[in-house]
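Some notes on the structure that comes next.
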């Protein structure tokens, strides 16, 4: 009976086993990150760079410096932490529409641009359609943005806006 153990053979088996584990975690993390980016507006920022760094630097560092199950666990935990700080997915836009008041400047103007960029149909109301903010929206936004003049203190303007929105949405889902 031969009691000599070939440690090199076991070492080779471990390297192959852990390489497969690392590759599996890498593929799962890459697919999860890619799906988040595809469901959001694609931006290349700090979080994107961090995700790529974990993929391309974290795996080899953990694999070669933290050997065995501890390295796989550390790499998987890093992937989970990075995935949790990625932006959340948007709700499906579909044929949804939104009415935003005060789009001449500030928050309303920025909100219209953001909603347009994610594909929503937007009814943007401004006090004056000739204001610099209204003109910038006309130039910057797609055809999904409908600019309307609305003075929120004028009952006539409110009724006109409601009718316009009803005509363009079929009246469905309007909550007043």
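In my numbering, the protein residues as written are 56 to 231. Using N, Cα and C, we set each Cβ at its ideal position, and we do this for glycine too. Quick caveat, the model's predicted, so the values are computed rather than measured.
Item                                                                                                                                                                                     : Value
Does DSSP put residue 155 in a helix, in a strand, or in coil?                                                                                                                           : strand
Helix, strand or coil for residue 181? Go by DSSP, reduced to three states.                                                                                                              : strand
Kindly list the residues whose CB is nearer than 6 Å to the CB of residue 188, restricted to its own chain and excluding five residues on each side of it in sequence; keep chain order. : 159, 160 and 164
Could you check where the alpha helix (DSSP H) with residue 232 kicks off and where it finishes?                                                                                         : Because residue 232 is not part of the residues shown, which for the chain are 56 to 231, the question remains open.
Can you grab the Cα-Cα spacing for the pair residue 65 / residue 73, in whole Å?                                                                                                         : Summary for residue 65: the model assigns pLDDT 46, below 50, so the residue's position carries little reliability, and this model does not support an answer.
Just to check my reading of the structure: residue 202 and residue 184 have Cβ atoms closer than 8 Å, yes? What is that Cβ distance to the nearest angstrom?                             : 6 Å
Please return the same chain residues whose Cβ sits closer than 7 Å to the Cβ of residue 140, not counting the five positions on each side in sequence.                                  : 102
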